[in-house]
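There are 8 protein chains.
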Amino acid sequence: MELSVYLAGEIHSSWREDIKQLVNEANLSITCYGPMENHDRSDHIGEEILGEQPTAILKDEAASSINNLRTQILLEKSDVVIALFGESYKQWNTAMDASTAIAKGKPLILIRPETLHHALKELSNKAQVVVETPEQAVAALSYIFEEE
Amino acid sequence: MELSVYLAGEIHSSWREDIKQLVNEANLSITCYGPMENHDRSDHIGEEILGEQPTAILKDEAASSINNLRTQILLEKSDVVIALFGESYKQWNTAMDASTAIAKGKPLILIRPETLHHALKELSNKAQVVVETPEQAVAALSYIFEEE
Amino acid sequence: MELSVYLAGEIHSSWREDIKQLVNEANLSITCYGPMENHDRSDHIGEEILGEQPTAILKDEAASSINNLRTQILLEKSDVVIALFGESYKQWNTAMDASTAIAKGKPLILIRPETLHHALKELSNKAQVVVETPEQAVAALSYIFEEE
Amino acid sequence: MELSVYLAGEIHSSWREDIKQLVNEANLSITCYGPMENHDRSDHIGEEILGEQPTAILKDEAASSINNLRTQILLEKSDVVIALFGESYKQWNTAMDASTAIAKGKPLILIRPETLHHALKELSNKAQVVVETPEQAVAALSYIFEEE
Amino acid sequence: MELSVYLAGEIHSSWREDIKQLVNEANLSITCYGPMENHDRSDHIGEEILGEQPTAILKDEAASSINNLRTQILLEKSDVVIALFGESYKQWNTAMDASTAIAKGKPLILIRPETLHHALKELSNKAQVVVETPEQAVAALSYIFEEE
Amino acid sequence: MELSVYLAGEIHSSWREDIKQLVNEANLSITCYGPMENHDRSDHIGEEILGEQPTAILKDEAASSINNLRTQILLEKSDVVIALFGESYKQWNTAMDASTAIAKGKPLILIRPETLHHALKELSNKAQVVVETPEQAVAALSYIFEEE
Amino acid sequence: MELSVYLAGEIHSSWREDIKQLVNEANLSITCYGPMENHDRSDHIGEEILGEQPTAILKDEAASSINNLRTQILLEKSDVVIALFGESYKQWNTAMDASTAIAKGKPLILIRPETLHHALKELSNKAQVVVETPEQAVAALSYIFEEE
Amino acid sequence: MELSVYLAGEIHSSWREDIKQLVNEANLSITCYGPMENHDRSDHIGEEILGEQPTAILKDEAASSINNLRTQILLEKSDVVIALFGESYKQWNTAMDASTAIAKGKPLILIRPETLHHALKELSNKAQVVVETPEQAVAALSYIFEEE
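Chains as they are written, first to last, in my numbering: chain H, 10 to 157; chain P, 10 to 157; chain R, 10 to 157; chain X, 10 to 157; chain Y, 10 to 157; chain E, 10 to 157; chain S, 10 to 157; chain U, 10 to 157.
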């Protein structure tokens, strides 16, 4: 069996590398997808493809149209979504990807520090699994492959 | 024609009353739904129905299970969703309701101050209409009813 | 606003009457649907319509084809499903109706005594709300209608 | 042609091994999925991943969130579901998996002793095929591969 | 509660009138839809609207485009479909309407003489209820409205 | 029975008034929806609600976001779509509305002069009915209401 | 590119072999599925798996439950359905498979002699392509693979 | 990861070859599908398979039934659709394919000269990405494959 997993969430730490390394160590047949992790490239991709934009909002709109193209296609190819929330940033696109997954019937594994639980309580309630660390998320994925 | 609108977003200001008053002034056949706006009742509804919970997280989980029941039913009954983002709070449940609407094929009208655009750029790109004030949102709704 | 609720579960106690009375007392605009509560009629409806059947299994099959017709139509008309599990009987049709509701995107309110939780743990995890009494279920429904 | 089959039902007997052996003997290109069959691991997986839980119900909830993650993903990957009911246990999760399959348009093969037919009559009526033994279930699968 | 029923099948006998009269006698809140029962009008409606057609096949194609418009809209508005098969005619459009209902998740009540069972065995197996007379079909509908 | 019809197509002639008058004359219970027919208002609605835009393309984008909001909501409320193509204009939004209806399972009645058939041949092939005049379109709608 | 095609229709002539041979000669990457073509095995499969049945109707019901299992799974795996109607037999299961394909959004190629057109006019109108011979059906499939 | 892309639009220039060459140069695992690009073959395919037709409209109808068969199957197999509009031709089938993709949840990349923006404004608003050249479209696709 092979699984595809979309890794939604912030692109300022190395948590996706942690997930991928844990997946490799556990020898799981899992393909990981995710957003562009180079923050500058993600913010500038709109202007790089479409040319300079007249305002900051239009620069953002151009970039998000390309980023959402990527997300929509990769999320559609995934069997399960892992979304990580951290202490910093608004992370509304993380909430968007997580909610889109749920609405499309793809199970969500939510990773967040316990301190954020109150603000995330409605999303946590809709997630299939709520954990605190990438190790726990991969342990849940690993369990899917286990045979007695 | 009658429309039903779900008003997603923070419950600390009177923006929903503004919307309803504007709808009334414009004589639009619109029914507005929304979350429980009494913040204390929203936070405590879980324990009120299910009894005291052993931890803060479980109190939150109990409350969110009831709040999500309400949201799921009212959002399903709506033709369009208006989501308002403000300067304060995490507002991840607002992002969740807005994204759920989009994923279910219900158009989203997003109200946010321009200062928040960068953080909301992916969600803005998926919204059908992006405005800054409740007046603009109601103007868009009003346009649906107009006949030459 | 009007809600329709399907009341799945055993037909040997008066719990549906309790729900309806509580709904009336709370003045909620709720229509309650449910299975045939006359146990004999439910078991014999197949032969009453289709004539005597050669074996007990065929009598059951005839009855269940009519009962499932009723359930499919009434459940489709409902916004939310309440399923009650008790100490007696196999109650597999209750589990079937509850699961069908979830799979069709209709939220489930599960009523069960705490003693049954272990056997119901997978279904409880998928339910939107889990309670122990009809009063709690109606309190959750009532909350959907509340405006501050 | 290759088929994937989810084997829903109790994990206290070796019926899944019987199915897999029969599939092998018949040289059918069938991949079998199913729940964790190690009963202790299934009951404890929540605490193993999420840590010790304060109550038995929360331990169950933690376990079922992981078990349902597994089931949702594997059932989604399956073309057909076989559900086996036996004389013991409540088996409400078996009824849930079987009903979820039907509601998602995946055909169900139901295996049950004739003595259980009355209690299973509504689910039997919705199943595509109802049999008494794993041999019969595999014979039905084998027929799909046959060419004259 | 109100139900809408589409009555698929031949238009050469008065079986739809029988159904409607039985519904009236039983005081059921049921709206009956169905195809154009004037056979000539049904066959000629294409040319009446679109003008004379160069060949018999094109006359048929013109008529069926209008008849299918009617069927698609009325079937979509129905909660349940009754399909009657008789001894005469090919009745392939009856089989089409019945199968479309099933594929769209609307339950089918099939009326046919027992002598036709072998030829109808695959469709019977997919129908929710199989009966021999309009009286039995209405008895099944009536059961949906019954309260103890 | 009541039908709702969305009237897609150009807003430079009075064809919608013709349809509505024919519907009235035939006493059909039909509600007609359609786009803003005041061409100036349709082109300027974006700037009227969102304020002056820096470029012509952005003015168009603002207008189309409001126009598409209207179309999406009204088309969703419709049972059937009539799309009229004329000799002038690109009419790509007419093609878009017509195709959206088909993809959502709503039948399309296409009105076009025979001279346009070649350019419309793929869309004609997907339409349920193809006619040349509003009279013919209303005749097809009228047929849905006819009882012998 | 690879296509899967379900070949619905009578099992008394060799038309499926003709299709497969034409596909081979044209070197098309097409996998053909279809029903059990051994008529006796198809009629007796229910009793072979489930044991002797008390009546002819129950024997038919047993057989059709297995045959429908096969059809549902193979049709789900197909990109397109070819349905052939001939002069003999009721062929209601052919009409059922053809209509199921259409309702599920899979295109239908209908093969029938022109003499049957009147009786098939509603189904023809819903088919994507209507032809008279297997050669024409394969020519249509072949066109999908063509590159200039 | 592998992507499939349907290239909708006119068949009078070599833009599809440009796309394919750019994809090859960028070493992207992308399979491109599209309509028959031989204009004569596309217009005559109906008569080639179905025989001479009595009128020009019927010749068109025959051709479009085969062309739509091809498009429906190839579009269903695609993850994303690129639609190119040029200065010439009505291009209503391009608008149809583009809108069908959007309605089915497949993201659309729209290529058009800026001069056409006003006429395409509603479709542009629904597209995920709007560009002016094939190079920009492939740059957007390439971004989906990028890993930091």
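Just so you know, even glycine gets a beta-carbon here, dropped at the ideal spot from N, CA and C. On a predicted model such as this, the values are computed, not experimentally measured, just so you know.
Boundaries of the alpha helix (DSSP H) in which residue i is found, first to last residue
i                : result
Ile58 (chain P)  : 48-59
Tyr152 (chain P) : 143-154
Ser23 (chain Y)  : Here Ser23 (chain Y) belongs to no alpha helix (DSSP H), and DSSP marks it neither H nor E.
Ala17 (chain Y)  : Not the alpha helix (DSSP H): Ala17 (chain Y) falls in the beta strand (DSSP E), residues 12-18.
Met105 (chain S) : 101-112
Asn76 (chain H)  : 65-85
Chain-order list of residues whose beta-carbon lies under 8 Å from that of residue i (same chain, five-residue window excluded)
i                : result
Leu129 (chain X) : Phe94, Leu119, Arg121
His48 (chain U)  : Ile20, His21
Within-9 Å CB hit, residue i to chain X
i                : result
Asp88 (chain H)  : yes
Asn134 (chain R) : yes
Whole-Å CB distance - residue i paired with residue j, under 8 Å assumed
i                : j                : result
Leu84 (chain Y)  : Thr109 (chain Y) : 7 Å
Ile91 (chain P)  : Ile39 (chain P)  : Actually they do not touch by this definition, with Cβ atoms about 11 Å apart.
Glu131 (chain H) : Asn76 (chain P)  : 6 Å
Thr1 (chain X)   : Gly18 (chain X)  : Because chain X here runs from 10 to 157, residue 1 (chain X) falls outside it and cannot be looked at.
Ser87 (chain R)  : Tyr152 (chain R) : The Cβ separation is near 18 Å, so there is no contact.
Ala65 (chain R)  : Val147 (chain R) : Ala65 (chain R) to Val147 (chain R), Cβ: 38 Å. No contact.
Any non-hydrogen atom of the ligand MG closer than 8 Å to residue i Cβ
i               : result
Val90 (chain E) : Of ligands this structure carries none, so the ligand MG is not represented either.
Cut-off 7 Å between Cβ atoms - residues of its own chain near residue i, not counting five sequence neighbours on either side
i                : result
Thr80 (chain R)  : Pro44, Asp106
His127 (chain P) : none
Residue-chain proximity (residue i, chain P), Cβ-Cβ < 9 Å
i                : result
Tyr152 (chain R) : yes
Ile91 (chain E)  : no
Nearest neighbour of residue i, chosen from the options [CA to CA]
i                : options                                : result
Met10 (chain R)  : R:Asn33, R:His21, R:Ala136, R:Leu37    : R:Leu37
Asn134 (chain R) : X:Ala71, X:Lys113, X:Ala146            : X:Ala71
Leu59 (chain U)  : S:Glu155, S:Glu156, S:Ile153, S:Pro143 : S:Pro143
Leu67 (chain R)  : X:Thr64, X:Val139, X:Ile66, X:Gln62    : X:Val139
Ser13 (chain X)  : X:Ile82, X:Gln145, X:Glu141, X:Leu125  : X:Ile82
Glu156 (chain S) : U:Ser51, U:Ser87, U:Ile111             : U:Ser51
Phe154 (chain P) : E:Arg25, E:Glu26, E:Ala35, E:Glu46     : E:Glu46
Span of the beta strand (DSSP E) around residue i
i                : result
Ile39 (chain P)  : 39-42
Leu117 (chain P) : 117-120
Ala92 (chain S)  : 89-93
Residue-level contact to chain S via CB, residue i, 9 Å cutoff
i                : result
Ile118 (chain X) : yes
Ile111 (chain Y) : yes
Ser97 (chain U)  : no
Leu12 (chain X)  : yes
Glu141 (chain U) : no
Chain U contact for residue i (CB, 9 Å cutoff)
i                : result
Thr40 (chain H)  : yes
Gln145 (chain S) : yes
Ala148 (chain S) : yes
Arg79 (chain H)  : yes
Beta carbon proximity, residue i to chain E, threshold 9 Å
i                : result
His126 (chain U) : yes
Ala17 (chain P)  : no
Met45 (chain Y)  : yes
C-beta neighbour in chain H for residue i, strict 9 Å
i               : result
Asp69 (chain P) : yes
Cutoff 9 Å: residue i Cβ touching any chain Y Cβ
i                : result
Val138 (chain E) : yes
Asn102 (chain R) : no
Sequence-distant residues of its chain with Cβ nearer than 6 Å to residue i (five each side left out)
i                : result
Pro116 (chain R) : Val89, Gln137
Short CB-CB distance (under 9 Å) between residue i and chain R
i                : result
Glu157 (chain Y) : yes
Ile54 (chain P)  : yes
Gly114 (chain Y) : yes
Asp106 (chain X) : yes
Residue i at chain B interface by Cβ criterion, 9 Å
i                : result
Leu129 (chain Y) : Here the protein chains are H, P, R, X, Y, E, S and U, and chain B is not one of them.
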